[in-house]
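Chains as they are written, first to last, in this note's numbering: chain L, 1 to 98; chain B, 1001 to 1369. One structure below.
Below, the structure is given as C-alpha cells:
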C-alpha cells in the first residue's frame, strides 16, 4: 500500500480527505504510483502529468523522505520507505503563487 | 416569472448570480472552484440547467466542469485536449517557429440544439468539440492546419481562439488573437480568413489577409450575415458574413477595447466599452462608460448613469459582457476590479450586482423561463 499526499486543490477535486492509498504491482516508481493514483481517481488525469507528454507539470513537485524527487526519472525506484508505506509520496504545488 | 442567471468566471473562482425577472435583487452563490482561474462558463441554450465551465491553473492545468442543475453542483468531465495529427508550428513572439502547445480553454460554446455538443476554443489556437457532454473532446483540425497557420503569432494574451459563433450545421465564425477571423461553410472541415477591410498598423502589412488582433465578434441571431467586431484598435462591421469589413468607430473616445455585444431585440443596437489604449488598459479619463450605438455603429452615445465617472481604472475583458432576452433588454459586464454591473433598461442606467469579486474574466447570462 502506497501512501500519497495530494495538495488541497487536488484533494478537493478527487473528493478525498487526508492521505490516499493506492496499490502498486511491481516496481514502485513515480510512474507506477501516478498510474495507480489516476486509475483510482480519473479526475486527476492531466492535473499532475501532462496528458500528451506524461511529463510532470512544471509547477508540480514530488517529495518523499524530505527529498525532492521531482527531477528523478519516472521509472526510477522510489525510496524504500515509500514502497513499504512508512513514508508518504507527496505531490506538491510549487511555490509559484502571487 | 422569468429569471436571470449570470455566470461569472474570475481569476479565483466562479460565481452564479440569480435574480427574478425584475432584476433588482440578486442572490450571489460562490465561489465555486475557489483558487482556480475560471476563464469561461456558459449554459446550453437547449437545456439551461446544463452549464459548462473552463477551470484551470498554472499548477494543475485544464479541467472542464459540468453542471446539470443550473450551477448548484458540478462534476469534472473530460479534460484531454489533444491536437489531431502532426501539430506543426506557429510563430513565437520572437518570430521563430514554435510547436503548437495546448495551454487552456478560453471559450466554451454549447450548441443551440444539443446540450451534449459543445465547442471549445483553446490556446494555442484550435477548435475542439464534444458530442458526449464533455466526456471526450476532439479537434476540428482543419482550422489549425489552415495554410496560413504557420504564420500565426500570439498576442499578449497568447495565441487564443476566443470567439465561436455557430450559425447553422455548416457555417461558423471564429476569431483568434492575433490571427484574425475565420469562417467555415462546411461544418468545420475547411476554413477561410475573413479579414478583408481590417487595417492593423501593428503588423508589417496593415491589410494582410491574416495577423489581425481581433478581440471579439458579436452577431444577432436574426441577422447571421451581420457581424460586429471589436478589434485591437477599431470597431468594425460586416454585412456580408465577414467577406468585407468597414470601420464604424465613429465618435468613440477610443476605439480600443475588448468586448462587443448586440441588443437582444434590436439587431442594430450594439455596445462597446472603450479602453484608453493598448498599453493603458483602463477607461479614458478614468470614466467607466459603456457606449451604445443604435445605428449599428458610427454614432455612439455614452451610457454613464450608475457607473463610476472618476478615478476608475479597471478593464473589461473580451468575454465579460453579455445580454439577457427580457424586455427591456438587460446588459451585464464585469471588470478586472471585481465588479459586475447590470442594466435592466438596455444600458440607460446601471447598478453593481457585486462589487468585490476577484478580477472578472467572463460574464454570461441565461434568461430562464
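The beta carbon of each residue, even a glycine, is placed where N, CA and C say it ideally should be.
- Contact annotation for residue 1082 of chain B against chain L: 51, 52 [CB-CB distance below 9 Å, chain order].
- Of the residues assessed, residue 1311 of chain B falls on the exposed side of the cut-off, its CB having fewer than 16 other CB atoms within 10 angstroms.
- For residue 1211 of chain B, same chain residues with a beta-carbon under 6 Å away, outside a window of 5 residues either side, are 1203 in chain order.
- Neighbours of residue 96 of chain L in chain B, taken as residues at a C-beta separation under 8 Å, are given in chain order as 1058, 1059.
- Using a CB distance cut-off of 9 Å, residue 85 of chain L does not count as an interface residue toward chain B.
- Within 10 angstroms of the beta-carbon of residue 1332 of chain B lie 16 or more other beta-carbons, which makes it buried.
- By the criterion of a C-beta distance shorter than 6 Å, residue 1300 of chain B is surrounded in its chain by 1250, 1251, 1252, 1291, 1293, once the five residues flanking it on both sides are discounted.
- Given a length threshold of 3 residues, each whole run of the beta strand (DSSP E) inside the stretch 1067-1102 of chain B is given here in chain order: 1089-1091, 1097-1099.
- The C-beta of residue 1071 of chain B comes no closer than 9 Å to any C-beta of chain L.
- Its Cα nearest to that of residue 27 of chain L, the residue L/77 stands out among L/77, L/81, L/87, L/84.
- For residue 60 of chain L, a Cβ of chain B is located within less than 9 Å of the residue's own Cβ.
- By the criterion of at least three beta-carbon pairs nearer than 8 Å, the stretch 1115-1133 of chain B is in contact with the stretch 1163-1176 of chain B.
- Not flagged as an interface residue toward chain L: residue 1128 of chain B, since no C-beta distance is shorter than 9 Å.
- A contact is defined here as three or more CB-CB pairs under 8 Å, and the stretch 89-97 of chain L meets this definition with respect to the stretch 57-68 of chain L.
- Contact check between the stretch 1082-1089 of chain B and the stretch 1045-1062 of chain B: fewer than three CB pairs, one atom from each, fall below 8 Å, which does not count as touching.
- As DSSP reads the structure, residue 1291 of chain B sits in a beta bridge with B/1272, B/1302.
- Under a criterion of Cβ atoms nearer than 8 Å, the residues of chain B adjacent to residue 57 of chain L are, in order, 1059, 1060, 1061.
- Taking C-alpha positions only, residue 1205 of chain B is separated from residue 1354 of chain B by approximately 44 Å.
- At a cut-off of 9 Å, the C-beta of residue 1015 of chain B has no neighbouring C-beta in chain L.
- Per the coordinates, the alpha-carbon of residue 1037 of chain B lies some 6 Å from the alpha-carbon of residue 1013 of chain B.
- When C-alpha distances from residue 1115 of chain B are compared across B/1340, B/1309, B/1045, B/1247, the shortest belongs to B/1045.
- The beta-carbon of residue 1076 of chain B is placed less than 9 Å from the nearest beta-carbon of chain L.
- Closest in C-alpha terms to residue 1348 of chain B, from the list B/1324, B/1322, B/1307, comes B/1307.
- DSSP, reduced to helix, strand and coil, places residue 37 of chain L within a helical segment of the structure shown.
- For residue 1002 of chain B, the secondary structure class from DSSP, reduced to helix, strand or coil, is coil.
- Residue-level contact check: residue 1035 of chain B touches chain L, since one or more beta carbons of chain L fall below 9 Å from its beta carbon.
- For residue 12 of chain L, there is no enclosing beta strand (DSSP E); the residue is part of the alpha helix (DSSP H) that begins and ends at 8-14.
- Note on geometry: alpha-carbon atoms of residue 1199 of chain B and residue 1262 of chain B lie some 23 Å from one another.
- Look at residue 90 of chain L: its C-beta is not under 9 Å from any C-beta on chain B.
- Contact between residue 1194 of chain B and residue 1243 of chain B holds, with the beta-carbon distance rounding to 6 Å and staying under 8 Å.
- The beta-carbon distance between residue 46 of chain L and residue 1062 of chain B, rounded to whole angstroms, is 7 Å. This is short enough to meet the 8 Å contact definition.
- Against chain L, a Cβ distance below 9 Å from residue 1225 of chain B picks out nothing, because the smallest value is about 39 Å.
- Bridge partners of residue 1183 of chain B according to DSSP: B/1173, B/1192.
- Between the alpha carbons of residue 1285 of chain B and residue 1339 of chain B lies a distance of about 19 Å.
- 43, 45, 46, 47, 48: these are the residues of the stretch 35-49 of chain L whose beta carbon lies less than 8 Å from some beta carbon of chain B, given in chain order.
- Residue 1150 of chain B is positioned such that its CB atom lies closer than 9 Å to that of residue 1097 of chain B.
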